[in-house]
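Chemist: Residue numbers (the working numbering), protein chains in the order written: chain A, 93 to 435; chain B, 93 to 435; chain C, 93 to 435. Even for Gly, the Cβ is constructed at its ideal location relative to N, Cα and C. Bear in mind the structure is a predicted one, so any value in this text is a computation, not a measurement. Pasting a structure here, questions to come.
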Amino acid sequence: MADPRFFERAGPFRLGDLAPRCGAQLADESHAARMVSDVATLDQAGPGQLTFLDNPKYAEALPQTRAEACILHTKYAAAAPAGTALLIAPNPYLCYARAAQLFYPAMRPAAGCHPSAVVDPTATVAPDASLAPHVVIGPGAEIGAGTIIGPGSVIGRGVVVGAECRIGPSVTLSHCLIGARVTLHTGVRIGQDGFGFAPDPAGHVKVPQLGRVVIGDDCEIGANTTIDRGAGPDTVVGPGCWIDNLVQIGHNVTLGRGCIVVAQAGIAGSTQLGDFVVLAAQSGLAGHLKIGTGARVGAKSGVMTDIPAGESHFGIPATKVKEYFRQIATLRRLAQKKGTQND
Amino acid sequence: MADPRFFERAGPFRLGDLAPRCGAQLADESHAARMVSDVATLDQAGPGQLTFLDNPKYAEALPQTRAEACILHTKYAAAAPAGTALLIAPNPYLCYARAAQLFYPAMRPAAGCHPSAVVDPTATVAPDASLAPHVVIGPGAEIGAGTIIGPGSVIGRGVVVGAECRIGPSVTLSHCLIGARVTLHTGVRIGQDGFGFAPDPAGHVKVPQLGRVVIGDDCEIGANTTIDRGAGPDTVVGPGCWIDNLVQIGHNVTLGRGCIVVAQAGIAGSTQLGDFVVLAAQSGLAGHLKIGTGARVGAKSGVMTDIPAGESHFGIPATKVKEYFRQIATLRRLAQKKGTQND
Amino acid sequence: MADPRFFERAGPFRLGDLAPRCGAQLADESHAARMVSDVATLDQAGPGQLTFLDNPKYAEALPQTRAEACILHTKYAAAAPAGTALLIAPNPYLCYARAAQLFYPAMRPAAGCHPSAVVDPTATVAPDASLAPHVVIGPGAEIGAGTIIGPGSVIGRGVVVGAECRIGPSVTLSHCLIGARVTLHTGVRIGQDGFGFAPDPAGHVKVPQLGRVVIGDDCEIGANTTIDRGAGPDTVVGPGCWIDNLVQIGHNVTLGRGCIVVAQAGIAGSTQLGDFVVLAAQSGLAGHLKIGTGARVGAKSGVMTDIPAGESHFGIPATKVKEYFRQIATLRRLAQKKGTQND
Chain A
93 MADPRFFERA GPFRLGDLAP RCGAQLADES HAARMVSDVA TLDQAGPGQL TFLDNPKYAE
153 ALPQTRAEAC ILHTKYAAAA PAGTALLIAP NPYLCYARAA QLFYPAMRPA AGCHPSAVVD
213 PTATVAPDAS LAPHVVIGPG AEIGAGTIIG PGSVIGRGVV VGAECRIGPS VTLSHCLIGA
273 RVTLHTGVRI GQDGFGFAPD PAGHVKVPQL GRVVIGDDCE IGANTTIDRG AGPDTVVGPG
333 CWIDNLVQIG HNVTLGRGCI VVAQAGIAGS TQLGDFVVLA AQSGLAGHLK IGTGARVGAK
393 SGVMTDIPAG ESHFGIPATK VKEYFRQIAT LRRLAQKKGT QND
Chain B
93 MADPRFFERA GPFRLGDLAP RCGAQLADES HAARMVSDVA TLDQAGPGQL TFLDNPKYAE
153 ALPQTRAEAC ILHTKYAAAA PAGTALLIAP NPYLCYARAA QLFYPAMRPA AGCHPSAVVD
213 PTATVAPDAS LAPHVVIGPG AEIGAGTIIG PGSVIGRGVV VGAECRIGPS VTLSHCLIGA
273 RVTLHTGVRI GQDGFGFAPD PAGHVKVPQL GRVVIGDDCE IGANTTIDRG AGPDTVVGPG
333 CWIDNLVQIG HNVTLGRGCI VVAQAGIAGS TQLGDFVVLA AQSGLAGHLK IGTGARVGAK
393 SGVMTDIPAG ESHFGIPATK VKEYFRQIAT LRRLAQKKGT QND
Chain C
93 MADPRFFERA GPFRLGDLAP RCGAQLADES HAARMVSDVA TLDQAGPGQL TFLDNPKYAE
153 ALPQTRAEAC ILHTKYAAAA PAGTALLIAP NPYLCYARAA QLFYPAMRPA AGCHPSAVVD
213 PTATVAPDAS LAPHVVIGPG AEIGAGTIIG PGSVIGRGVV VGAECRIGPS VTLSHCLIGA
273 RVTLHTGVRI GQDGFGFAPD PAGHVKVPQL GRVVIGDDCE IGANTTIDRG AGPDTVVGPG
333 CWIDNLVQIG HNVTLGRGCI VVAQAGIAGS TQLGDFVVLA AQSGLAGHLK IGTGARVGAK
393 SGVMTDIPAG ESHFGIPATK VKEYFRQIAT LRRLAQKKGT QND
């Protein structure tokens, strides 16, 4: 079970109650009264514990599980031990995510404002928001209902944060509008100046960055990630995007709905992503590109050209995945031939 | 116009006053009395607004602009609509930058020290400096005239910050000397230990890092960027350098004047850059290299060797730009040939 | 000498006392009474100063040194000037590291808790720990003897920090156990949620991250580095690991003892490193890999497969170092051939 120093567990739950709440159906309704009190992995779960099978490579562990109950796809049901209650779900991992949220709902600090917080008198803070020690809220800022702001975070002048957001410690927000139910992890920086200047040997001259950052509802943004505000237009992150740690998003960039950006990726200024684009870790996109809906960029790739919707690109410079692997294979083959000749 | 929650606009300005202040000349002096009250893009500007044309690919939008006035190169003057006043400039973007600064001068918090700031009695803070809530100033530190320090920033023992600097929230400075008119964005870390140790299977042994970081005048350093102090010599960033977000600069590195380092680039220990070097995003330089004045490194490149002044290098390992593109083209050609044979 | 605004020097030391404390032996015991008062580089050291020779490329400077004493390998002893006392050591850099620590022991702030710190009444803080201004310590957290916590750092609920740790300013710790003698530089983020969610077009669903981060004794972790907590298992950094700035370590990753991870490298979820693995700067490891003890990964490499113990891999995708250089050479040769034909 999760370390109780850090986590508070809810439950136990009757399977008959739990299954519909996480989008599953009991294979045998007579199991509805059985109770589960925690989640665990397939190999470690025991009596009273709920597990799941999603990745096919763990399927062989299924017959040996001692779990009280298991979430799985119907195609694996026959392989499960007789003693384990089965929760059938088309997407077992999604179902597990919902179940785990029931057992471990996100913890909430008490509502209210710590006396060490500094809140400008012109700011509007919902009465049930929670402001931790040393928070600073600037003039005219608005903090929505139920929103939590961690210690030492700084919410600048005029910033709007929607309802039910979770803002970690040491976050800096300026020149931005944040939607509802957004999670910003510790050290996130949103709204600072973009990298805009007119190069000049006598001294580069700053171009005032006059746009904002607009973050849609239900986004999650990882630790120490930086998102610069627009130069004139806004920088926009669409609803439901998940952005990992140490990501850089330049000025005027726009992300559609549900994009996934993995750690240490970077997007240069004015590039536009459609919906559900996936950028793998340490990838980079040049500026002023258009990346179509559902496109995918491989880890460490460097994208220099537009990507049509639905395509996967890899490499530096990035190219279609098939072409990329052909290049890799070609180079390996030629190098081996040379090796054979010279060794 | 810029969102008034975040920006305060100055003006309006008479064109006759504005033009010389941003380095332009009115094409028709009879337009000197016309007024402009804001800046806008070429396609969005209307009456009373100032726009500019710099990138040739927008030239075709010029005849349709409804702007009150437009900053442009003399070669485009004939294509502008008759109603638009023209401000002729050799470098229109530079001229626009200056004009935009007039409309949107950087905002200043009031001078003085917030009562929650903790200032060591041996520190020297200029009377017109501004220290935000929760700032910490260590023993012997010096903060120059007109300098602004954002909430929660920590200025360590002995650090010297020059006049008219803008230090964002949550910045950490130690073991460093910062010039005048330097902008440090939120989360910048300057002066912490470099990555110096003697490897030993019984436990790596720390090598005390006895140098400093010296940042020249007029530098701008981006959010969450890290600059380690020297191991014995100093780490030096020359005057007028622009460094983007999430950049890493190792111990003993030196940058000349006016260098540009784009987001997520990294420079390993003891590498020396001349003046006006440009490192594109996500590039990396190995340690102990010499990069000549005006050299350029492409995005995602990995530099393993010295680069002579003025050369552009790309790739991993980086090579001259012409050679790099020849390699890319060769690999593509060979892979296609193979593809043709096998598909 | 080191800038006295930032460093306090101990000493002077008798060579006869110093040598055994840093693992060296005086070549001539009659030099035991000579005194040294500082360290300096081989070319800059003068009377009263201690230097060292480690890198063979500096050996030619040895005969000209004016240093009072020099740490070196016995093989260079004959080349040293007669006036310089010699401290013979098998690993001169390691020996220098220890000597420099004697001259410049890490500075300590006074013990005690600044009145602006906010310490939960259920936390346990050792009486000789030092809590700087604006520190926040959560419920049930434990801070070990002699541990120093810098301004604005946030230690979350239940976190355990061992004895004699040095935690810089603006560090965020949650859901983690930190060993003894650990150094965390400014802006380090440990224990936040891993990047775990079930992708879903209707909205990605968060998977609660129920593990912890466990950091072993004697680790050093660089500025703005992020280490996510485990999804169920823990994220583990073994004892004696050195991690540089801006590194990303994903959930469930495990590092053995004494690993070295250089700046801006990243390790994706569930990858396991053995002991003494070295990851060079800006390298990246895919998830679910096994990297054997003593393996090395080159700068900017992208590792997609397991690496056996002791092997060095380079490139994207990474391959054995010999194969990598063969590929580079092959491509160069083919590109030149093409260049010759076409130019």
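1) Quick check on this structure: which residue in Ile259(C), Asp292(C) and Arg106(C) has the alpha carbon closest to the alpha carbon of Asn316(C)?
2) Ordered along the chain, which non-local residues of its own chain (more than five positions away) have a Cβ less than 6 Å from that of Ala177(C)?
3) Output yes if chain A places a C-beta closer than 8 Å to the C-beta of Ser262(B); else output no.
4) Kindly list, in the order they appear in chain C, the residues whose Cβ is closer than 9 Å to that of His59(A).
5) Contact criterion: CB-CB distance below 8 Å. Does Gly322(A) meet it with respect to chain C?
6) With a threshold of 16 other CB atoms inside 10 Å of the CB of Ala132(A), please say whether the residue is buried or exposed.
7) Per DSSP, His405(A) is paired with what?
8) For Gly376(B), write down the residues that DSSP places opposite it in a beta bridge.
9) From the DSSP output, read off the bridge partner residues of Glu312(B).
10) Check Gln141(A) in the structure and name its three-state DSSP category.
11) The beta strand (DSSP E) spanning Cys162(A) covers which residue range?
12) Since Phe99(C) meets chain B, which of its residues come closer than 7 Å, beta carbon to beta carbon?
13) At a Cβ threshold of 8 Å, is Asp398(A) touching chain B?
14) Nearest-angstrom Cα distance between Asn434(A) and Pro182(A)?
15) Compare the C-beta of His277(B) against all C-beta atoms of chain A and say whether one is closer than 8 Å.
16) Ser262(C): which of Asp320(A), Val246(A) and Phe105(A) sits nearest, CA to CA?
17) What residues of chain A sit near Arg424(B), judged by a beta carbon separation below 9 Å?
18) Taking any Cβ of chain A, which residues in the region 130-158 of chain B have a Cβ under 7 Å from it, in chain order?
19) Going by the CB atoms, is the gap between Leu179(C) and Leu154(C) shorter than 8 Å?
20) Residues in its own chain within less than 8 Å of Glu256(C) by CB, not counting five upstream and five downstream?
21) Based on the DSSP secondary-structure assignment, which residues constitute the bridge partners of Met127(B)?
22) I want to verify the contact list: residues of chain C whose CB lies under 8 Å from the CB of His405(A), in sequence order.
23) Consider the Cβ of Lys298(B): report whether some Cβ of chain A lies at a distance smaller than 8 Å.
24) Closest Cβ-Cβ distance between Gln340(A) and chain B: below 8 Å?
25) Taking the C-alpha atoms as reference points, what is the distance between Ala137(A) and Gln284(B)?
26) CA-CA distance, Ala378(C) and Val306(C)?
27) Relative to chain A, which residues along the region 221-239 of chain B have a C-beta separation below 9 Å, given in chain order?
28) May I ask you to verify whether the region 393-402 of chain B touches the region 398-406 of chain C, counting CB pairs closer than 8 Å and requiring at least 3?
29) For Leu423(B), which three-state DSSP category applies?
30) Excluding the five sequence neighbours on either side, which residues of its own chain have a C-beta within less than 8 Å of the C-beta of Gly386(A), listed in chain order?
31) Would Ala373(C) and Ala373(B) qualify as a contact pair, given that the criterion is a beta-carbon distance under 8 Å?
32) Any Cβ of chain D within less than 8 Å of the Cβ of Val246(C)?
33) How far does the beta strand (DSSP E) with Ala177(A) in it reach, from first residue to last?
34) Given a cut-off of 8 Å, decide if Val339(A) and Gln356(A) are closer than it, judged by their beta-carbon atoms.
35) Using only CA atoms, which one of Val227(B), Glu234(B), Gly230(B) and Pro225(B) lies nearest to Pro219(B)?
36) Check the Cβ-Cβ distances between Gly254(A) and every residue of chain B, and say whether any is below 8 Å.
Modeler: According to the data block:
1) On the third sequence, position 224 is the one that residue 316(C) refers to. It is Ile259(C).
2) Indexing the third sequence from 1 puts residue 177(C) at position 85. Answer for Ala177(C): Leu107, His123, Arg126 and Ala161, listed in chain order.
3) For the purposes of this step, residue 262(B) is taken as the residue at position 170 of the second sequence. Yes - at least one Cβ of chain A is within 8 Å of the one on Ser262(B).
4) The question about residue 59(A) has no answer here: the residues shown for chain A are numbered 93 through 435.
5) Along the first sequence, one-based indexing puts residue 322(A) at 230. Gly322(A) does not count as touching chain C.
6) The residue labelled residue 132(A) in the question sits at position 40 within the first sequence. Classification for Ala132(A): buried.
7) On the first sequence, residue 405(A) is found 313 positions in, with the first residue counted as 1. When beta bridges are read from the DSSP output, His405(A) appears opposite Val389(A) and Lys412(A).
8) Stepping through the second sequence from its first residue, residue 376(B) is reached at position 284. Bridge partners of Gly376(B): Gly358(B) and Gly394(B).
9) If you number the second sequence from 1, residue 312(B) lands on position 220. According to DSSP, Glu312(B) bridges with Thr275(B) and Trp334(B).
10) Counting from 1 along the first sequence, the entry for residue 141(A) is found at position 49. It is a strand residue.
11) Taking the first sequence and counting its residues from 1, the one referred to as residue 162(A) is at position 70. Cys162(A) -> beta strand (DSSP E) spans Ala161 to Leu164.
12) Along the third sequence, one-based indexing puts residue 99(C) at 7. Neighbours of Phe99(C) on chain B, chain order: Leu302.
13) As a working note, residue 398(A) is residue 306 in the first sequence. It does not: the Cβ of Asp398(A) has no partner Cβ on chain B nearer than 8 Å.
14) Within the first sequence, the letter at position 342 stands for residue 434(A). Within the first sequence, the letter at position 90 stands for residue 182(A). The predicted model places Asn434(A) with a pLDDT of 47, which falls under 50 and marks its position as unreliable, so this point remains unresolved.
15) Taking the first residue of the second sequence as 1, we reach residue 277(B) at position 185. It does: the Cβ of His277(B) has a partner Cβ on chain A nearer than 8 Å.
16) One-based indexing of the third sequence puts residue 262(C) at position 170. The residue with the shortest Cα to Cα distance from Ser262(C) is Val246(A).
17) The sequence position of residue 424(B) within the second sequence is 332, counting from 1. Result: Thr411, Glu415 and Gln419.
18) Thr133
19) Taking the first residue of the third sequence as position 1, residue 154(C) is located at position 62. Taking the first residue of the third sequence as position 1, residue 179(C) is located at position 87. Not in contact: Leu154(C) and Leu179(C) (Cβ atoms no closer than 8 Å).
20) As a first step, residue 256(C) must be located in the third sequence, where it is residue number 164. Around Glu256(C): Gly236, Ala237, Gly238, Thr239, Ala272 and Arg273.
21) Position 35 of the second sequence, counting from 1, holds the residue named residue 127(B). Beta-bridge analysis with DSSP links Met127(B) to Arg106(B).
22) Here residue 405(A) refers to the residue found at position 313 when the first sequence is read from its first residue. Simply none; closest approach about 14 Å.
23) Here residue 298(B) corresponds to residue number 206 of the second sequence, with the count starting at 1. Chain A contact via Cβ: absent.
24) Against the first sequence, residue 340(A) aligns to sequence position 248. So yes, Gln340(A) belongs to the interface.
25) Taking the first residue of the first sequence as position 1, residue 137(A) is located at position 45. Taking the first residue of the second sequence as position 1, residue 284(B) is located at position 192. In a straight line, the C-alpha of Ala137(A) is about 45 Å away from that of Gln284(B).
26) Position 286 of the third sequence, counted from the first residue, corresponds to residue 378(C). Position 214 of the third sequence, counted from the first residue, corresponds to residue 306(C). Those two C-alpha atoms are separated by around 21 Å.
27) Ala224, Pro225 and His226
28) No, the region 393-402 of chain B is not in contact with the region 398-406 of chain C.
29) Your numbering for residue 423(B) matches position 331 in the second sequence. Leu423(B) falls in the helix class under three-state DSSP.
30) As a working note, residue 386(A) is residue 294 in the first sequence. Here the set comprises Gly366, Asp367, Phe368, Val369, Ala401 and Gly402.
31) Numbered from 1 along the third sequence, position 281 holds the residue referred to as residue 373(C). Numbered from 1 along the second sequence, position 281 holds the residue referred to as residue 373(B). Against a cut-off of 8 Å, the Cβ pair of Ala373(B) and Ala373(C) comes out as no contact.
32) Considering every chain present, this structure includes no chain D. Its protein chains are A, B and C.
33) Taking the first residue of the first sequence as position 1, residue 177(A) is located at position 85. Note, Ala177(A): beta strand (DSSP E), Ala177 to Ile180.
34) Start at 1 with the first residue of the first sequence, and residue 356(A) comes out as number 264. Start at 1 with the first residue of the first sequence, and residue 339(A) comes out as number 247. Yes, the pair counts as a contact, with Cβ atoms nearer than the cut-off.
35) The count along the second sequence starts at 1 and reaches residue 219(B) at position 127. Each of Val227(B), Glu234(B), Gly230(B) and Pro225(B) was checked against the Cα of Pro219(B), and the nearest Cα belongs to Glu234(B).
36) Position 162 of the first sequence, counted from the first residue, corresponds to residue 254(A). So, not an interface residue.
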